[in-house]
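Using the UniProt record's numbering, count along the sequence shown one by one with no gaps and you end on 91.
The structure under discussion appears below in the form of structure tokens.
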Amino acid sequence: MRVVETRLDEQILRKIPVKVFSFDADILPTIDTCAICLGDFENGDIIRILPECNHGFHRHCVDTWLSFNSSCPNCRHSLVDAESAISISVS
Numbered sequence: 001m002r003v004v005e006t007r008l009d010e011q012i013l014r015k016i017p018v019k020v021f022s023f024d025a026d027i028l029p030t031i032d033t034c035a036i037c038l039g040d041f042e043n044g045d046i047i048r049i050l051p052e053c054n055h056g057f058h059r060h061c062v063d064t065w066l067s068f069n070s071s072c073p074n075c076r077h078s079l080v081d082a083e084s085a086i087s088i089s090v091s
């Protein structure tokens, strides 16, 4: 059986901006918890907000996720089209 996984290309990952979380800033009022580690965001946390779906995560949490996947961990929205993803074959 052959399993194919895709991960996000490092160059694409670097293009997704990061923001410093602040309770005073108007980043996205509905984002207050990282859905990967389930930790609440604190002032000064570095977060990455994914394009299109606008889901936000701690940068280190989502970067780890995206080193194995090319979609949002919440909604599975693809961050790249099939040609941009790197295919890894696992036997």
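Every residue, glycine too, gets a C-beta built ideally from N, C-alpha and C.
Only a predicted model underlies this, so the values are computations on that prediction, with no experimental measurement involved.
- The three-state secondary structure of His58, taken from DSSP, is strand.
- With a cutoff of 8 Å on beta-carbon distance, Asn69 and Arg7 are scored as near each other.
- Here Arg48 is buried: its Cβ has 16 or more other Cβ atoms, across all protein chains shown, within 10 Å.
- C-alpha of Val18 to C-alpha of His60: approximately 11 Å in a straight line.
- Thr33 is bridged by DSSP to Asp40.
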